[in-house]
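227 is the number that full-length UniProt numbering gives to position 227 of the sequence shown; each next residue is one higher, with no gaps. Note that beta-carbon positions come from the ideal geometry of N, C-alpha and C, so glycine has one too.
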Amino acid sequence: MTQLSVNLPGLSLKNPVMPASGCFGFGREYSEFYDLNQLGAVIMKAATGEVRYGNKTPRVAETSSGMLNAIGLQNPGVDKIISREVPFLAEYNMPIIANVAGSTIEEYVMIASAFNNTEHVKALELNISCPNVKEGGIQFGTDPDMAAEVTEKVKTASDLPVYVKLSPNVSDIVGMAKAVEAAGADGLSMINTITGMQINLSAKKPLLANQTGGLSGGAIKPVAIRMIYEVKQHVSIPIIGMGGVSTAEDVLEFLLAGANAVAVGTANFQNPYVCPELIENLPNVLRQYGFDSVTDAVGKGHV
Numbered sequence: 001m002t003q004l005s006v007n008l009p010g011l012s013l014k015n016p017v018m019p020a021s022g023c024f025g026f027g028r029e030y031s032e033f034y035d036l037n038q039l040g041a042v043i044m045k046a047a048t049g050e051v052r053y054g055n056k057t058p059r060v061a062e063t064s065s066g067m068l069n070a071i072g073l074q075n076p077g078v079d080k081i082i083s084r085e086v087p088f089l090a091e092y093n094m095p096i097i098a099n100v101a102g103s104t105i106e107e108y109v110m111i112a113s114a115f116n117n118t119e120h121v122k123a124l125e126l127n128i129s130c131p132n133v134k135e136g137g138i139q140f141g142t143d144p145d146m147a148a149e150v151t152e153k154v155k156t157a158s159d160l161p162v163y164v165k166l167s168p169n170v171s172d173i174v175g176m177a178k179a180v181e182a183a184g185a186d187g188l189s190m191i192n193t194i195t196g197m198q199i200n201l202s203a204k205k206p207l208l209a210n211q212t213g214g215l216s217g218g219a220i221k222p223v224a225i226r227m228i229y230e231v232k233q234h235v236s237i238p239i240i241g242m243g244g245v246s247t248a249e250d251v252l253e254f255l256l257a258g259a260n261a262v263a264v265g266t267a268n269f270q271n272p273y274v275c276p277e278l279i280e281n282l283p284n285v286l287r288q289y290g291f292d293s294v295t296d297a298v299g300k301g302h303v
């Protein structure tokens, strides 16, 4: 029998598949399609200190093999997430990962501290890579010193394992990974979206109100695979891989590159059943390529 279970810092996963932050809300809508107990874990939508209403519309556009978005971290604020959304997800048998975002280091620390006292949240995903906000986000995700500082401060403020979500919008992804590992990160999430733009031909102006947005979906999968492959050779902490996962073969490709688990983003919008379908199909794909377990495949694509 093929073993799908994966153990990561703070996370005991029955399988390596989880929805990515920002593409699954807090799971309420998807719970009407299937039983969320099937998921390996769930990464909640980003939490900020106060409610955020996001960027002006239009803020989403379909592209060739992907999607461009500039939502701008819209969320109800950390207090409402803890009081309203965490209890809903806690009804299911899966670890909850809280995505933490902020404009300042102090805001990151405040949110991490708030989740630290929440019984059902098992780990934090430190969002230092959102390209669609004017303050915070990618400012921290493109400077290794700032990334290390916010990681260290959050680690000090929380007992929960911290997975730092890296931005692909850098020239040295390995340097960023090594900086946050040295600062105490327990794991990495990679990659976030790639900054892009689409022009409205009729208006002769950028299509998105924010002008630029984050490109996700199948179009960025080769970039994600390359970056995970490179980073895996230089860090010892686990990686949750994401960026264009839509088939069980994609999951195996991420594992071979060095990911220990995967998160599914844009594909949820194309097929709301994609996560349970990946979980169902993964054992056959692993066996087809000669693996008895998920962990057997991790990093086996390296030469």
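Item                                                                                                   : Value
Residue interval of the beta strand (DSSP E) (run including E85)                                       : Per DSSP, E85 belongs to no beta strand (DSSP E) and is neither H nor E.
Check whether V6 and T295 have beta carbons under 8 Å apart                                            : yes
Inter-residue Cα distance where the pair is T48 and Q38                                                : 28 Å
CA-to-CA distance, F254 to G214, given in whole angstroms                                              : 21 Å
Bounding residues of the alpha helix (DSSP H) (the contiguous stretch that carries N268)               : A267 to Q270
P19 - containing beta strand (DSSP E), residue span                                                    : V17 to P19
Neighbourhood of V223 by C-beta, 8 Å cutoff - its chain only, sequence neighbours within 5 removed     : P168, I191, I194 and G243
Beta-carbon separation (whole angstroms), L68 vs Q270, contact threshold 8 Å                           : At roughly 15 Å, the Cβ-Cβ gap does not stay under 8 Å, so L68 and Q270 are not in contact.
Cβ pair count under 8 Å reaching 3, the segment 279 to 287 against the segment 2 to 17                 : yes
Nearest-angstrom Cα separation, counted from H120 out to F88                                           : 10 Å
Where S65 falls, given that 16 or more other Cβ within 10 Å makes a residue buried                     : exposed
Runs of beta strand (DSSP E) wholly within the segment 100 to 165 (minimum 3 residues, chain order)    : 121 to 127 and 162 to 165
6 Å CB neighbourhood of A61 in its chain, flanking five on each side removed                           : L68, Q198 and L207
Own chain, CB closer than 8 Å to residue 352, minus 5 neighbours either side, in chain order           : What is shown of the chain runs 1 to 303, which leaves residue 352 out entirely.
8 Å CB neighbourhood of I220 in its chain, flanking five on each side removed                          : G66, P168, I191, T193, I194, G243 and G244
Where the beta strand (DSSP E) containing M67 begins and where it ends                                 : G66 to N69
First and last residue of the uninterrupted beta strand (DSSP E) at L13                                : L11 to L13
Buried versus exposed call for A20 [16 or more other C-beta atoms within 10 Å across all chains shown] : buried
Residues near I237 by beta carbon distance below 7 Å, same chain, minus five either side               : E181, A185, D186, G187 and L188
6 Å Cβ shell around A259 - same chain, five flanking residues per side excluded                        : I228, I239 and G241
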